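Q: Here's a structure for you.
Residue numbers (the working numbering): 17 to 98.
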């Protein structure tokens, strides 16, 4: 096996779905500048998600429009038939 193939900076990180405020904690090595105080009283790095399994239509069975960056408006203005 190759040495130093995997990152060594794994730590607990909170991932938060911004569309419904659902959050979960797991190990990751992703970099972030934000942090959040978790239920156990400790502070962990925070990664904001636009969509997760609690808001994705495939898992929820509900169609929900999530447009946080105005992508639909950009598409409509770009491809609007005149």
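Every residue gets a Cβ at the ideal spot worked out from N, C-alpha and C, and that includes glycine.
Keep in mind it's a predicted model, so treat the numbers as computed, not measured.
For residue 46, I'd like the list of residues in its chain whose CB is within less than 7 Å of its CB, leaving aside the five on either flank, ordered along the chain.
A: So the qualifying residues of the chain are 29, 63.
Q: To which residues does DSSP link residue 103 through a beta bridge?
A: Absent from the model: residue 103. The displayed extent of the chain is 17 to 98, so no value can be given.
Q: Which two residues bound the contiguous beta strand (DSSP E) that contains residue 60?
A: Where residue 60 is concerned, the enclosing beta strand (DSSP E) stretches over 59-65.
Q: Can you pull the DSSP bridge partners for residue 51?
A: Per DSSP, 61.
Q: Assign residue 71 to one of two classes, buried (16 or more other C-beta atoms within 10 Å of its C-beta) or exposed (fewer than that).
A: Under this definition residue 71 is a buried residue.
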